[in-house]
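S.K.:
Chains as they are written, first to last, in my numbering: chain A, 759 to 885; chain B, 399 to 992.
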């Protein structure tokens, strides 16, 4: 990445990365694991590994990303799934054992696993 | 011509899972004499395999999921004969399922106002691109190209932003004095040395949105004329250190730190200094000593850090949360910022909600929200069978606020009036199983370890207070101790140099003020009302509740419990070490504390 030399370049970069992000969420699934210290101590790393393993085993293309603490520490580990324009769904108290069902039902069949959902975020309103 | 039917029952998704469903339907329809009116049709997959078998009833279009043969009589009776849907079986649209609501409808979130934390948990902190996509570094661009340093300072002053580390000094004024101080080298410092037990909002911010802190610091450095900055993070926060380091490197790579930022000719860079975990190093002058590589001890404040701070140069030191507020103010304007909060406390504040509370977590609320709203609406109240007793704000040097003050607005001045303080934002909720004398003792024990020892009143005073409190919790206190405690507390408060000593007596003074009766109970009746202080309690079996199951007898590490099967047991108080295991394991509430 070359250095940004002007505000103009920063604004262009913003437009570019915004486009990239939209393209990514529209075309693939984004799986987000809360990996702040609270998440990690509750077992988020194991959950993320289970997600990666499951995606590999089933040869699913999805974007896996990590974020910091969103504040609902009592429900960590948190796992979010975002597909296209659908609301971003948050699963709480996720264990590695729950991952295959979430991937199977939500990512493959597009059906939210209601039993484990703790919340959803309408996209475009997070600001 | 095909036979005409009043209704079709279209069954799909059997997958051999329920071979009895169609025969059961046909049988029931025949039994009710509907064979000529209703036809059962088997159809292909409708794509809702996990909810199968599914049934579609036409022409009404009623859609049932997870239908089992046992449901058939009800289905036929209600829908085919009476024409009503069976709600139990109808399809619940997953995305509008009533049980699960949008974040903004969850009580935990809808009373919150997430400004500083709005990117935390939403963006990948390791990716500067995601930060930029959400308008990151736009405030920096605006500040560097459209605003003069004086205009930035004026904007921050107008916003009413006060230091988020807890003391609440006006940020704009601090910057102004630093800018006006004599000297050509100036520094900015971010305090990320969060040390309060139970507090983790700074950690979450540094981990979850490190670029917000960096952006705020660059803007501040431009405003006061600094070219070098430091972020002081405790080494117990390895992930925060890692994410901050990564963010700094990325910002340098993108030309947002370093020389000639965004082509404007402004130079500024940041270094991370890791603290070794001394609580006192969260105090500004001790922190700067530590950055310089000296022993972390506070110094007298006859001159301010804004004139002579780091290496005796003018220094603007702010909490990381304060820095993260700066981009918001520059982007949205001072008026936007000042529209939230109370007259003298503007904006939002993050708090860590911990202790006896249902929704443990990190919250951000507008200043002026009441403690009641935080504890009951956001926190979800007290779990289990406890009753709210007190909330402790401001960390170990804050105070305990009792139930009758729950409607107190949370802002800098109201909390100080109530004998506590804002602090950096720890909030520990306690229920009636918490002993206030023991809590005061716990915090003093923490402060005894953390006092740097430079001032005698703090070093010795805390120890003496701790000794008295320990005596009281052991049932050896006297009424005169309470006066001694108060006198000691006032001395430590008045004669200590830094904030640690000045605020150390707060836990004692506030509990003495609001919960004096508990102290008296410990001293005069030799009782601990909350059932916590081991020397003052005894466990006993409540005979009418005891089923004689023997669980406590087996679990007791001292073999102090005896009794025949199905007969009430007894505890031998001579052997009992008051570990409380019997109380915890009993399923019948048959072990009491008195």
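Cβ atoms here follow ideal geometry from the backbone N, Cα and C, with glycine treated the same way.
Starting from the beta carbon of residue 819 of chain A, find every residue of chain B whose beta carbon is closer than 9 Å, and list them in chain order.
M.R.: Ordered by position in chain B, no residue passes the 9 Å Cβ test against residue 819 of chain A, which lies about 18 Å from the chain.
S.K.: DSSP state of residue 465 of chain B, grouped into three classes?
M.R.: Of the three classes helix, strand and coil, the one that applies to residue 465 of chain B here is coil, per DSSP.
S.K.: Which ranges would you report for the beta strand (DSSP E) in the segment 920-962 of chain B if only whole runs of at least 3 residues count?
M.R.: If we require 3 residues or more, the beta strand (DSSP E) runs fully inside the segment 920-962 of chain B come out as 937-939.
S.K.: Say whether the segment 531-545 of chain B touches the segment 832-844 of chain A, bearing in mind that this needs 3 or more beta-carbon pairs closer than 8 Å, one atom from each stretch.
M.R.: Segments in contact, no.
S.K.: Assess, as a yes-or-no matter, whether the segment 875-886 of chain B is touched by the segment 678-691 of chain B under the definition of 3 or more beta carbon pairs within less than 8 Å.
M.R.: No: the two stretches stay apart, fewer than three of their Cβ pairs being nearer than 8 Å.
S.K.: Going by other Cβ atoms of all chains shown within 10 Å of its Cβ, with 16 needed for buried, is residue 485 of chain B buried or exposed?
M.R.: Exposed, because fewer than 16 other Cβ atoms sit within 10 Å of the Cβ of residue 485 of chain B.
S.K.: Should the segment 839-847 of chain B be called in touch with the segment 808-824 of chain B, which here means at least 3 C-beta pairs below 8 Å?
M.R.: The segment 839-847 of chain B vs the segment 808-824 of chain B: no contact.
S.K.: Along chain A, which residues have their Cβ under 7 Å away from the Cβ of residue 506 of chain B?
M.R.: Simply 830.
S.K.: What residues from chain A crowd round residue 515 of chain B, counting only those whose CB sits closer than 7 Å?
M.R.: What residue 515 of chain B touches in chain A: 829.
S.K.: Taking the Cβ atom as the reference point for each residue, do residue 529 of chain B and residue 540 of chain B lie within a distance shorter than 8 Å?
M.R.: Not closer than 8 Å, so no.
S.K.: Under a three-way DSSP split, which group does residue 974 of chain B fall into?
M.R.: Note: residue 974 of chain B maps to coil in three-state DSSP.
S.K.: Could you spell out the range, first to last residue, of the beta strand (DSSP E) harbouring residue 909 of chain B?
M.R.: Segment 904-912 is the alpha helix (DSSP H) holding residue 909 of chain B; no beta strand (DSSP E) there.
S.K.: List, in order along the chain, the chain B residues whose C-beta lies closer than 9 Å to that of residue 840 of chain A?
M.R.: Those do not exist, as residue 840 of chain A stays about 11 Å from chain B at its closest Cβ, beyond 9 Å.
S.K.: Any C-beta of chain B within less than 7 Å: which residues of the segment 759-784 of chain A qualify?
M.R.: Listed by position, the residues of the segment 759-784 of chain A near chain B (Cβ gap below 7 Å) are 759, 761, 762, 763, 764, 765, 768, 771, 772, 775, 776, 779.
S.K.: Do you know how far the Cα of residue 776 of chain B is from the Cα of residue 931 of chain B?
M.R.: Taking the straight line joining both Cα atoms gives about 31 Å.
S.K.: For residue 759 of chain A, count neighbouring C-beta atoms within 10 Å of its own C-beta (all shown protein chains included) and say buried if the count is 16 or more, exposed if not.
M.R.: Exposed, by the Cβ-count rule.
S.K.: Looking at the strands, I want to know which residues DSSP matches up with residue 630 of chain B.
M.R.: Answer by DSSP bridge pairing, in chain order: B/589, B/671.
S.K.: So is residue 825 of chain A in contact with chain B if we call contact Cβ pairs under 8 Å?
M.R.: So yes, residue 825 of chain A belongs to the interface.
S.K.: Excluding sequence positions up to five away, which residues of its chain have a Cβ less than 8 Å from the Cβ of residue 960 of chain B?
M.R.: These residues qualify, in order along the chain: 951, 967, 968, 970.
S.K.: Quick check: residue 487 of chain B and residue 478 of chain B, are their CB atoms within less than 8 Å of each other?
M.R.: Contact flag unset, no.
S.K.: How about residue 604 of chain B and residue 718 of chain B: do their beta carbons lie closer than 8 Å?
M.R.: Yes, the Cβ-Cβ distance between residue 604 of chain B and residue 718 of chain B is below 8 Å.
S.K.: Kindly indicate which residue of B/524, B/872, B/852 has the alpha-carbon position closest to the one of residue 836 of chain B.
M.R.: Among B/524, B/872, B/852, the Cα nearest to that of residue 836 of chain B belongs to B/872.
S.K.: Using only alpha-carbon positions, find the residue among B/990, B/801, B/964, B/821 that is nearest to residue 913 of chain B.
M.R.: Minimum Cα distance to residue 913 of chain B is reached at B/801.
S.K.: Which residue marks the beginning of the beta strand (DSSP E) containing residue 781 of chain B, and which one marks its end?
M.R.: Where residue 781 of chain B is concerned, there is no enclosing beta strand (DSSP E), given that its DSSP letter is neither H nor E.
S.K.: Contact defined as beta carbons within less than 8 Å: I believe residue 621 of chain B pairs with residue 577 of chain B. What is the distance between those atoms, to the nearest angstrom?
M.R.: Indeed, because the Cβ distance is near 7 Å, the residues count as touching under 8 Å.
S.K.: Quickly, what does DSSP pair residue 821 of chain A with across the bridge? List them, please.
M.R.: According to DSSP, residue 821 of chain A bridges with A/788.
S.K.: Residue range of the alpha helix (DSSP H) that residue 888 of chain B falls in?
M.R.: Residue 888 of chain B -> alpha helix (DSSP H) spans 877-893.
S.K.: Determine contact between the segment 850-861 of chain A and the segment 808-821 of chain A, defined as no fewer than three beta-carbon pairs at a distance below 8 Å.
M.R.: The answer is yes - the segment 808-821 of chain A touches the segment 850-861 of chain A, with three or more Cβ pairs under 8 Å.
S.K.: I'd like to check one pair, residue 802 of chain A with residue 766 of chain A: are the Cβ atoms closer than 8 Å?
M.R.: Contact: no.
S.K.: Among the residues of its own chain, which have a CB less than 8 Å from the CB of residue 783 of chain B, if the five just before and after it don't count?
M.R.: Cβ within range, chain order: n/a, list empty.
S.K.: For residue 635 of chain B, does the count of other Cβ atoms within 10 angstroms reach 16, so buried, or fall short, so exposed?
M.R.: It is buried - the Cβ of residue 635 of chain B has at least 16 other Cβ atoms within 10 Å.
S.K.: Helix or strand or just coil, what does DSSP make of residue 872 of chain A?
M.R.: Three-state DSSP puts residue 872 of chain A in a helix.
S.K.: Give me the chain B residues within the contact set of residue 787 of chain A, using Cβ-Cβ distance strictly less than 7 Å, ordered along the chain.
M.R.: Per Cβ cutoff of 7 Å: no residues; residue 787 of chain A is ~15 Å from chain B at best.
S.K.: Would you mind stating whether residue 470 of chain B and residue 438 of chain B have Cβ atoms separated by less than 8 Å?
M.R.: Cβ distance not < 8 Å, so residue 470 of chain B and residue 438 of chain B don't count as in contact.
S.K.: Let me see if you follow: with CB-CB separation under 8 Å, is residue 794 of chain A close to chain B or not?
M.R.: So yes, residue 794 of chain A belongs to the interface.
S.K.: Starting from the Cα of residue 797 of chain A, find the closest Cα among A/865, A/867, A/878, A/849 and give me that residue.
M.R.: The residue with the shortest Cα to Cα distance from residue 797 of chain A is A/849.
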